[in-house]
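Be aware that the sequence shown starts at 42, since it is given in our numbering, and climbs by one per residue.
By construction, the Cβ of each residue, glycine as well, lies at the ideal position given by its N, Cα and C atoms.
Below is one structure; the comments refer to it alone.
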Amino acid sequence: MSSRLFALGLATLALVACTGDLDPQWQLDHDRIVAVRATPPSIASGAKSTIDGLIARVGDTVQIAGPEQATVVSPMSLADTLALEGGSWVVTAPSEDRLVAARAELELAAGAPVPLQIGVAYSGQTLLATKTVLLGAAADHPALTNVMINGAPGGTAEIVIGKLVDVPLSVEANDEDFDVAWLTSCGTMHDFDLPAAYVHVEDDDPTEGELVLVVRDAGAGVAWQRWTIRAE
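Now the structure itself:
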């Protein structure tokens, strides 16, 4: 998949999104890329980062999977830093000399991390997204701190909630430094893009499914957690 074809694909999907009926952004029972992750999200010269994504599909559970296709969108001088290795798409940060040239190409300050923009495709190229990997410095994903579900710490066990009540969800993350998303296929999510949200299950809502929390930082890092959830 060339960078030009990827850009055309994104434009086509954007047109469809503007003219078609869409499920809410928090709905997991929908074919969508929930998040794309590069691990680590920021790497120094010579280090490697592996790309994968959290993928939702209608009538199925959320899956973690590598892209079917991936290509560097920008800067094109670093297109060779992305390669398929052992079945995974991997970025290898280039030498400092090449990073200096890339900063000049992108008009970045000396020593600034270089944003490598990667286009990824899933589901036969019907699901497209872009992912940034920062080159030139090492950094990790954000931590999920003080995750609370219905007043209790969000562990790994199945979550059981009541029907016809507001069930509070929260994570410690300020709006200036983090983007938060709560998604579910059980009930209706409210304030899905805030650190403090709530889910409400009506009698005619789906009463079982999954709950997902995604937190993104300003440095290309992303963290997520998944739970099975049911209402009774």
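Inter-residue CB distance, L63 and A97 (contact presumed, cutoff 8 Å)
Indexing the sequence shown from 1 puts residue 63 at position 22. Indexing the sequence shown from 1 puts residue 97 at position 56. L63 to A97, Cβ: 13 Å. No contact.
Among I202, G177, L147 and A238, which has the Cα closest to the Cα of T269?
Residue mapping note: residue 269 aligns to position 228 of the sequence shown, counting from 1. When each option's Cα is compared against that of T269, the closest is I202.
For D220, the residue or residues it bridges with in DSSP
What you label residue 220 is simply residue 179 of the sequence shown in a count that begins at 1. Its beta-bridge partners are R257.
Taking the C-alpha atoms as reference points, what is the distance between G192 and F219?
On the sequence shown, residue 192 is found 151 positions in, with the first residue counted as 1. On the sequence shown, residue 219 is found 178 positions in, with the first residue counted as 1. About 22 Å.
Proximity test, V208 beta-carbon vs the ligand FAD heavy atom, cut-off 6 Å
The model depicted lacks the ligand FAD and carries no ligand whatsoever.
Apart from the five residues just before and just after Q266, which ones in its own chain have a Cβ nearer than 8 Å to its Cβ?
Translated into positions along the sequence shown, residue 266 becomes position 225. The residues are L185, V188, G195, V253 and L254.
Distance between V256 and G262 (C-alpha atoms, nearest Å):
Along the sequence shown, read from residue 1 onward, the residue named residue 262 stands at position 221. Along the sequence shown, read from residue 1 onward, the residue named residue 256 stands at position 215. G262 and V256: Cα-Cα distance of roughly 8 Å.
Please state whether DSSP places R150 in a helix, a strand or coil.
Stepping through the sequence shown from its first residue, residue 150 is reached at position 109. Before going on, a small fix: residue 150 reads as Ala here, not Arg. In this structure, A150 counts as coil in the three-state DSSP scheme.
What are the start and end residues of each continuous alpha helix (DSSP H) run of 4 or more residues lying completely inside the stretch 108-178, in chain order?
Counting only runs of 4+ residues, the alpha helix (DSSP H) found wholly inside the stretch 108-178 occupies 137-147, in chain order.
Below 8 Å, can you find three or more Cβ-Cβ pairs linking the stretch 152-167 to the stretch 208-226?
no
Hey, quick one: how far does the beta strand (DSSP E) through D93 stretch, first residue to last?
Start at 1 with the first residue of the sequence shown, and residue 93 comes out as number 52. Per DSSP, D93 belongs to the beta strand (DSSP E) from K89 to A97.
Which one or two residues does DSSP pair with S211 in a beta bridge?
For this step, residue 211 is matched to residue 170 along the sequence shown. DSSP lists M189 and A237 as partners of S211.
Unbroken beta strand (DSSP E) run spanning H231, endpoints:
Against the sequence shown, residue 231 aligns to sequence position 190. Unbroken beta strand (DSSP E) run through H231: T229 to H231.
Just list the residues that DSSP pairs L252 with in beta bridges.
Counting from 1 along the sequence shown, the entry for residue 252 is found at position 211. Looking at the DSSP output, L252 shares a beta bridge with T225 and W268.
Is it a yes or a no for the stretch 243-250 touching the stretch 202-213, going by three-plus beta-carbon pairs under 8 Å?
yes
Are V99 and D138 close, meaning C-beta to C-beta below 7 Å?
Looking up residue 99 in the sequence shown gives position 58. Looking up residue 138 in the sequence shown gives position 97. No, Cβ-Cβ distance for V99 and D138 is not below 7 Å.
Hey, out of G107, P236 and S115, whose CA is closest to S129's CA?
For the purposes of this step, residue 129 is taken as the residue at position 88 of the sequence shown. With distances taken between Cα atoms, S129 lies closest to G107.
For K89, collect the residues of the same chain with a Cβ closer than 6 Å to its Cβ; drop the 5 residues on either side in sequence, then sort them by chain order.
In the sequence shown, the residue the question calls residue 89 occupies position 48. Hits under 6 Å: V131 and T133.
Should T112 be labelled buried (16 or more other beta-carbon atoms within 10 Å of its own) or exposed?
Working through the sequence shown from its first residue, we reach residue 112 at position 71. That one is buried.
Which residue comes first and which comes last in the beta strand (DSSP E) that contains Q66?
For this step, residue 66 is matched to residue 25 along the sequence shown. No beta strand (DSSP E) contains Q66, which DSSP labels as neither H nor E.
Looking only at its own chain, which residues have a Cβ that is under 6 Å from the Cβ of A55, when we skip the five neighbours before and after it?
The residue given as residue 55 occupies position 14 in the sequence shown. Low confidence applies to A55: its pLDDT is 41, below 50, so where it sits in the model is not reliable, and the reading given next is rough at best. Taken in chain order, the list of residues that qualify is empty.
Candidates A120, M230, H182 and P65, of which the one nearest S83 by Cα:
Locating residue 83 in the sequence shown gives position 42, counting from the first residue. Each of A120, M230, H182 and P65 was checked against the Cα of S83, and the nearest Cα belongs to H182.
Using DSSP's beta-bridge definition, name the partner residues of P194.
Locating residue 194 in the sequence shown gives position 153, counting from the first residue. For P194, which the question treats as bridged, DSSP gives the partners M189.
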